[in-house]
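Worksheet for the structure shown next.
Residue numbers (the UniProt record's numbering): 1 to 250.
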């Protein structure tokens, strides 16, 4: 039979059989790895929408900065930006394995990768080398990591927040608003999907799956049988260290 996914994404799909109107389903190419078909409408779609919805970046000569770069969204941002000729400055946490994480991100196409401690300098922009000051920043951490994104942004730049993993607030200096004229915005994929953009959503799904099929978009996943769901949940919640994205199989 055909492979289909609900588009726009919806709940209630963890079922052996589902009967719904044909219009709910989007047929996809079966040559795409199943684990990508199962996950493409969440993190990759978020990355693509944030790249396209806030700041018009040139196909070359522009850059962006992000924290949480090792997340699936962060990895997708790096690869999608690379595909468009956009440079990326990436911020990761200080922890064991950070050197390996840095090399993994560079293998995906990251231009610069800094740990938070490396950015304890008076002028972070001095670390950019020949890269242009970024016009766009992504924040999924909050706290100090968000402040570091703001420090990199050029005058008139925009920071988009789509998460708050540290559970710490975003603190913005008066200088950032008055003299740098920075903008702070938020993004939640579910809000975008609620706008009824079915055709646009399906076009993006096909585009992203095409990149995945061609090896231009990749992220690590682990297929887990449904009866091992508790183990997968612990891994997904970070209780056993950093793990690949958990994909339940039935």
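Even for Gly, the Cβ is constructed at its ideal location relative to N, Cα and C. As the structure is a prediction and not an experimental result, all values here were calculated from the model.
Please report how far the alpha carbon of residue i lies from the alpha carbon of residue j, in whole angstroms.
i	j	result
residue 151	residue 86	19 Å
residue 146	residue 140	8 Å
residue 80	residue 106	14 Å
residue 22	residue 245	30 Å
residue 234	residue 122	39 Å
residue 206	residue 69	24 Å
residue 91	residue 17	43 Å
residue 8	residue 120	43 Å
residue 34	residue 60	33 Å
residue 161	residue 51	13 Å
residue 13	residue 113	38 Å
residue 166	residue 67	11 Å
residue 237	residue 219	18 Å
residue 239	residue 74	21 Å
residue 11	residue 65	33 Å
residue 26	residue 202	7 Å
Residue i by DSSP, collapsed to three states: which one?
i	result
residue 87	strand
residue 192	helix
residue 211	helix
residue 263	Outside the displayed range of the chain (1 to 250) lies residue 263, so it cannot be described from this structure.
residue 245	strand
residue 233	helix
residue 239	strand
residue 9	coil
residue 70	coil
residue 222	strand
How close, in whole Å, do the beta carbons of residue i and residue j come, if the pair is a contact with beta carbons under 8 Å?
i	j	result
residue 110	residue 78	5 Å
residue 134	residue 154	7 Å
residue 164	residue 142	4 Å
residue 215	residue 182	Not really, about 36 Å apart at Cβ, beyond 8 Å.
(request) Go through the UniProt domain "Alcohol dehydrogenase-like C-terminal" (73 to 205) residue by residue and report every complete run of the alpha helix (DSSP H) that reaches 4 residues or more, in order. (result) With a minimum length of 4 residues, the continuous alpha helix (DSSP H) runs that stay inside the UniProt domain "Alcohol dehydrogenase-like C-terminal" (73 to 205) are 98 to 108, 143 to 152, 174 to 178 and 189 to 193.
(request) Note down, one range per segment and in chain order, each beta strand (DSSP E) of at least 3 residues found wholly within the region 13 to 63. (result) Within the region 13 to 63, the complete beta strand (DSSP E) runs of at least 3 residues are 25 to 28.
(request) Evaluate the contact criterion for the region 91 to 101 versus the region 42 to 56: three or more CB pairs, one atom per stretch, below 8 Å. (result) no
(message) When you compare the region 191 to 198 with the region 167 to 181, are there three or more beta-carbon pairs, one atom per stretch, that lie closer than 8 Å?
(response) no
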